[in-house]
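Student:
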Amino acid sequence: NTHGLCDISDEMIEKALSTDDEVYYPKRHGIDFYHHYKEDIKLFADKKAGHVVQIKTPDLGGVNNIADAILYCNKVGIGSYCGGTCNETNRSAEVTTNIGMACGALQVLAKPGMGVDEGFMIVFNEMARVEALVNRRKNK
């Protein structure tokens, strides 16, 4: 039994799931976002484990680490975006928006909160404020 348009059989999937081979399957193990998160972001970027890496901002422990992670992704040619959690504050959303813009993140997520409107407006307003300040300084 094959799946879709590719020639992958049920047996091939079972074999891949049952092996401990980390050479052929280097992305075998996931991360827990806490113990080695900065190193995991670097590994994902180095292995090109996707087109974009989520920089889950509160989990990096400091704004310096957020900036380092975004800059590293840019350096190795993979996109990044500033993610977050529902637990963030208005101020942490503003700070990480500035970091994302300054470091050239591909995207900055709307945050905090589970609703879209609040987080979107916080981040949108902060991006507009920063852009206006930059343009004003350019025009002086």
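Residue numbers (the working numbering): 315 to 454.
Glycine is no exception: its CB is placed at the ideal position from the N, C-alpha and C atoms.
Just so we're clear, the structure is a prediction, and the values are computed from it rather than from any experiment.
1) Compute the Euclidean distance between the alpha carbons of ALA407 and VAL437, then round it to the nearest angstrom.
2) What span of residues does the beta strand (DSSP E) with CYS417 cover, start to end?
3) Are at least three pairs of beta-carbons, each pair with one atom in the segment 388-395 and one in the segment 356-366, less than 8 Å apart?
4) Using the C-alpha atoms, what's the distance from LYS352 back to ASN379?
5) Buried or exposed, going by whether 16 or more other CB atoms sit within 10 Å of the CB of ALA424?
6) Taking the alpha-carbon positions, what's the CYS417 to VAL337 distance?
Tutor: Considering the structure as presented:
1) ALA407 and VAL437 have their C-alpha atoms spaced approximately 7 Å apart.
2) Not the beta strand (DSSP E): CYS417 falls in the alpha helix (DSSP H), residues 404-417.
3) yes
4) 7 Å
5) Buried, by the Cβ-count rule.
6) 33 Å
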